[in-house]
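Here the structure is laid out as structure tokens; the discussion comes afterwards.
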Amino acid sequence: EVDYSNFGTNTLSRKKKALVTLRNDNLRRRPHINISMPHDFRPVSSIIDVDILPETHRRVRLYRHGCEKPLGFYIRDGTSVRVTPHGLEKVPGIFISRMVPGGLAESTGLLAVNDEVLEVNGIEVAGKTLDQVTDMMIANSHNLIITVKPANQRNNIIRSSRMSGSSGQSTDSTASHHSLPTSHLLQNFHPDEMESDEEADIVIE
Numbered sequence: 001e002v003d004y005s006n007f008g009t010n011t012l013s014r015k016k017k018a019l020v021t022l023r024n025d026n027l028r029r030r031p032h033i034n035i036s037m038p039h040d041f042r043p044v045s046s047i048i049d050v051d052i053l054p055e056t057h058r059r060v061r062l063y064r065h066g067c068e069k070p071l072g073f074y075i076r077d078g079t080s081v082r083v084t085p086h087g088l089e090k091v092p093g094i095f096i097s098r099m100v101p102g103g104l105a106e107s108t109g110l111l112a113v114n115d116e117v118l119e120v121n122g123i124e125v126a127g128k129t130l131d132q133v134t135d136m137m138i139a140n141s142h143n144l145i146i147t148v149k150p151a152n153q154r155n156n157i158i159r160s161s162r163m164s165g166s167s168g169q170s171t172d173s174t175a176s177h178h179s180l181p182t183s184h185l186l187q188n189f190h191p192d193e194m195e196s197d198e199e200a201d202i203v204i205e
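If you're matching positions, the sequence shown starts at 1 in UniProt numbering and goes up one per residue.
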């Protein structure tokens, strides 16, 4: 006699094996996709750390790697006014005095004349000489991160409607169209290629 009770069981087992085989075949045919950091990514100059800085400050990354453009801006000594518990206090400061046409700073539009320099690559410039700040910028010229207090706060990024008065005000009492202090040019031109209207300018390559 034939045992018909085995037919249903054997058929079910064969169907399961066939499904498993098909699934394994599909998995083997699926292409393997590598997900990693892009190797051809080109960093560009930008405003960074907007969420952690006071609203009156701006941190700018000037990225010059593979670019022949000079940094292209002058810095000079000046005077900044700080709000302290004892009132207004004048302190020395470093300011951007002018831009070089065609330079990286001008082409990005992220820095402007009379912006006060506060930090260079995370190091505060307070108490440092103009030469020291210049050396700091030159040492980091291919990836310069400069924190400034923009002279024109209307162009600064506004994150909320509240006013931020803790950082005080910054003014430049030494700026004059008739007399400018010694300023240093951050760029990579040869000195003979520059036409300067200030004999005191120092070209830094």
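Think of the CB as a built atom: it goes at the ideal place given N, C-alpha and C, for glycine as much as any other residue.
C-alpha distance - residue 207 paired with residue 58, whole-angstrom precision
For the chain, the structure presents residues 1 to 205; residue 207 sits outside this window and is missing.
Specify, as a first and last residue, the run of the beta strand (DSSP E) that residue 52 falls within.
That residue, residue 52, is in no beta strand (DSSP E); it is neither H nor E in DSSP.
What are the boundary residues of the beta strand (DSSP E) that includes residue 79?
73-84
Starting from residue 97, follow the beta strand (DSSP E) in both directions and report where the run begins and ends.
87-99
Just list the residues that DSSP pairs residue 116 with in beta bridges.
95 and 149
Range covered by the beta strand (DSSP E) that runs through residue 141:
No beta strand (DSSP E) holds residue 141; DSSP gives it neither H nor E.
Mapping the DSSP letters down to three states, classify residue 45 as helix, strand or coil.
Residue state, collapsed to three classes: coil.
Residue 133 - DSSP class collapsed to helix/strand/coil:
helix
Report yes if the CB atom of residue 75 is closer than 9 Å to the CB atom of residue 134, and no otherwise.
It is a contact, given that the beta carbons lie within the stated cut-off.
Out of 48, 143, 93 and 122, which has the shortest C-alpha to C-alpha gap to residue 130?
93
Can you name the start and end residues of the beta strand (DSSP E) that residue 111 belongs to?
It is not in any beta strand (DSSP E) - residue 111 carries neither H nor E in the DSSP assignment.
If distances are taken between C-alpha atoms only, which option among 44, 89 and 116 comes closest to residue 98?
116
Residue 114 and residue 61: beta carbons closer than 9 Å?
Not in contact: residue 114 and residue 61 (Cβ atoms no closer than 9 Å).
In the DSSP output, what is residue 104 paired with across the bridge?
None, per the DSSP bridge assignment.
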